[in-house]
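As structure tokens, the structure follows; a few thoughts come after it.
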Amino acid sequence: MKNNRLFTIVIFLLLSQSFLYAQFGFPQEEILSMEAYSSFEKIYSEGEIKIAVKININENWHINSNNPKEDFLIPTELKIISDIPFEQGDIIYPEAEDIKLDFSDTPLSVFEKEIYLGTIIKVPKNIELGKKNIIVELFYQGCNNSTCMAPNSISDTLEIEIVDRSSQTQEVNVEVFKNIDLDYSTQKTIIEEDDSLSSQLEQSGLLLTLLIVFLGGLALNLTPCVYPLIPITIGFFGGQSEGKTSKLFVMGLFYVLGMALTYSIVGVITALSGAIFGTLMQNPFVIGFIVLIFIALSLSMFGVYEFKLPDSLVAKAGGSKSGMFGAFFMGLTMGIVAAPCIGPFVIGLVTYVAAKGDPYYGFLLFFVMAIGLGLPYLVLALFSGKIKNLPRAGFWMDAVKHIFGFILLGMAIYFAEPLLPKSIVKYILPIFMIIAGIFLLFMDKEASKIFGFKVFKILFSTILIALAAYML
Numbered sequence: 001m002k003n004n005r006l007f008t009i010v011i012f013l014l015l016s017q018s019f020l021y022a023q024f025g026f027p028q029e030e031i032l033s034m035e036a037y038s039s040f041e042k043i044y045s046e047g048e049i050k051i052a053v054k055i056n057i058n059e060n061w062h063i064n065s066n067n068p069k070e071d072f073l074i075p076t077e078l079k080i081i082s083d084i085p086f087e088q089g090d091i092i093y094p095e096a097e098d099i100k101l102d103f104s105d106t107p108l109s110v111f112e113k114e115i116y117l118g119t120i121i122k123v124p125k126n127i128e129l130g131k132k133n134i135i136v137e138l139f140y141q142g143c144n145n146s147t148c149m150a151p152n153s154i155s156d157t158l159e160i161e162i163v164d165r166s167s168q169t170q171e172v173n174v175e176v177f178k179n180i181d182l183d184y185s186t187q188k189t190i191i192e193e194d195d196s197l198s199s200q201l202e203q204s205g206l207l208l209t210l211l212i213v214f215l216g217g218l219a220l221n222l223t224p225c226v227y228p229l230i231p232i233t234i235g236f237f238g239g240q241s242e243g244k245t246s247k248l249f250v251m252g253l254f255y256v257l258g259m260a261l262t263y264s265i266v267g268v269i270t271a272l273s274g275a276i277f278g279t280l281m282q283n284p285f286v287i288g289f290i291v292l293i294f295i296a297l298s299l300s301m302f303g304v305y306e307f308k309l310p311d312s313l314v315a316k317a318g319g320s321k322s323g324m325f326g327a328f329f330m331g332l333t334m335g336i337v338a339a340p341c342i343g344p345f346v347i348g349l350v351t352y353v354a355a356k357g358d359p360y361y362g363f364l365l366f367f368v369m370a371i372g373l374g375l376p377y378l379v380l381a382l383f384s385g386k387i388k389n390l391p392r393a394g395f396w397m398d399a400v401k402h403i404f405g406f407i408l409l410g411m412a413i414y415f416a417e418p419l420l421p422k423s424i425v426k427y428i429l430p431i432f433m434i435i436a437g438i439f440l441l442f443m444d445k446e447a448s449k450i451f452g453f454k455v456f457k458i459l460f461s462t463i464l465i466a467l468a469a470y471m472l
């Protein structure tokens, strides 16, 4: 029976992935190329530097302008990202063209062929000398005469060096900047708010930075994609503890270190790549993959299949010296499971590490973040024997897992919104919340005889339905 259910879910995931390929056509055709230029390679503190971006759009294609005339079209947007807390001027876009296309009754505002975009940034006072990375990122939607592709992004990295006043600087790429009107004297300056994670970390010392990152990792435990780790952790440590607290503690440490290693590798790769991993979330293929992960995890919460490593592999790993290798390997695996927890904090950290370009620093920050993420599981490992012996644990745990399952499905819908038609996006999540609330109130009978939990479930479902009604 379990094998049949597992076979069903595998087929479902494969069909879902095939649907995404067919519906959104990814991997997408490359319809443009981009190259970024700076007016100086070396600059003093408080100095101003021009940034220009040259875009070549393939023949028979165009991208929406920064101000398209239809609500369903995605505007072109240029972003400048750096660990430098700089002041930035207005983004200068080229003059758009109005063209009539088959899928729209009104002329649309677009960019075609070769275009230039740019801005001016000012380096702050008392900034640390040395090489800095500036990441130039373009968000766009490509269209031809009959259809539009899903939104996409492309980026390029500039390297500038902050030098003291004794060093010589020379303007470069003069011919490029003749194609765009960027005037230091007339450019309106906008002070960037220093409330981004990158700015906060840049202005903090090492110890404070590590504390912020640790607390951020700890807060990731509030995200629903880590919920499947809870029953797995209880089952793994409860089965191997032999009642020895010391052994549980050491195994828990190895478990957390395994999780930390997974994230640390991400930090190193990010730093070495010099690119923003967060932009991947603009890619329909990546979004579709994340959505399928959430769906798969939610189905495990509903008992469609049991999410765990094969028993033979767990037994073999746990049979090693003191079970340490088994715990470490489980931690590595669970780190991968928790990888979709890429909320704003992790994206901000990825941005900061990519701009820094230091693999050792990237390893340290992601390692500390993962320790924060894994700390509750060390505590969970220590008390796994007691937790699994809670009275009537099977009833309330199944009911809680159902709630987690609906939350995970809701996250899948949330992540899928960029892929869905604009006309229905605002209705899908609220309607799902109403269905989930009704199911939990009237159809889910798990733990219905436990008064405290029954009251909680009624309150939770009522709030869920009320919130959905408000969203509509």
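For the sequence shown, our numbering gives the first residue as 1, with consecutive numbering after it.
Virtual Cβ for every residue (Gly too), placed ideally from N, Cα, C.
- Contact between residue 418 and residue 151 holds: their C-beta atoms lie close to 7 Å from each other, under 8 Å.
- Rounded to the nearest angstrom, the Cβ distance from residue 154 to residue 138 is 5 Å, consistent with a contact under 8 Å.
- By the CB criterion at 9 Å, residue 163 and residue 44 fall inside the cutoff.
- About 6 Å separates the beta carbon of residue 255 from that of residue 330, a gap short enough to meet the 8 Å contact definition.
- Per DSSP, the continuous beta strand (DSSP E) segment holding residue 77 begins and ends at 77-82.
- Here the alpha carbon of residue 374 sits roughly 42 Å from the alpha carbon of residue 41.
- According to the DSSP assignment, residue 360 belongs to the alpha helix (DSSP H) that extends over 359-382.
- DSSP places residue 47 in the coil class of the three-state scheme, outside both helix and strand.
- Looking at 252, 297, 421, 212, the one whose alpha-carbon comes closest to that of residue 409 is 297.
- Nearest Cα to residue 465 within the set 436, 145, 454: 436.
- When the five nearest sequence neighbours on each side are left out, the beta carbons in the same chain lying within less than 6 Å of the beta carbon of residue 114 are those of 56, in order along the chain.
- Approximately 7 Å separates the beta-carbon atoms of residue 213 and residue 349; this is inside 8 Å, confirming the contact.
- DSSP places residue 295 inside the alpha helix (DSSP H), whose first and last residues are 284-301.
- In this structure, residue 82 and residue 131 do not form a Cβ contact; the two beta carbons are roughly 12 Å apart against a cut-off of 8 Å.
- Collapsing the DSSP output to three states places residue 93 in coil.
- With a beta-carbon spacing of about 6 Å, residue 92 and residue 180 fall inside the 8 Å limit used to define contacts.
- Residue 212: not part of any beta strand (DSSP E); member of the alpha helix (DSSP H) spanning 206-219, first to last residue.
- When secondary structure is reduced to three states using DSSP, residue 149 falls in the coil class, being assigned neither helix nor strand.
- Within the same chain, and ignoring the five residues on either side of residue 156 in sequence, the residues whose Cβ sits closer than 7 Å to its Cβ are 34, 35, 36, 136.
- As DSSP reads the structure, residue 35 sits in a beta bridge with 54.
- In the DSSP assignment, residue 111 falls within the beta strand (DSSP E) that extends over 108-111.
- Relative to the Cα of residue 245, the nearest Cα in the group 216, 165, 381 belongs to 381.
- Straight-line measurement puts the Cα of residue 209 at about 32 Å from the Cα of residue 166.
- If you draw a 10 Å sphere on the C-beta of residue 252, you find 16 or more other C-beta atoms in it, and that means buried.
- With distances taken between CA atoms, residue 289 lies nearest to 413 out of 413, 182, 442, 86.
- Around the beta carbon of residue 64, 16 or more other beta carbons sit within 10 angstroms, so the residue counts as buried.
- Separation of the CB atoms of residue 123 and residue 86 is rounded to 6 Å, and the pair is thereby assigned contact status at 8 Å.
- Under the criterion of beta carbons closer than 8 Å, residue 366 and residue 286 do not qualify as touching, at roughly 19 Å.
- For residue 137, no alpha helix (DSSP H) segment is defined; the enclosing uninterrupted segment is the beta strand (DSSP E) at 130-140.
- Here the alpha carbons of residue 411 and residue 458 stand approximately 21 Å from one another.
- The Cβ atoms of residue 215 and residue 362 do not sit closer than 9 Å to each other.
- Taken through DSSP and simplified to helix, strand or coil, residue 115 comes out as strand.
- Counting of Cβ neighbours within 10 angstroms places residue 303 among the exposed residues, the total staying below 16.
- Per DSSP, residue 64 is one residue of the beta strand (DSSP E) stretching across 62-64.
- Bridge pairing for residue 159: 133 [DSSP].
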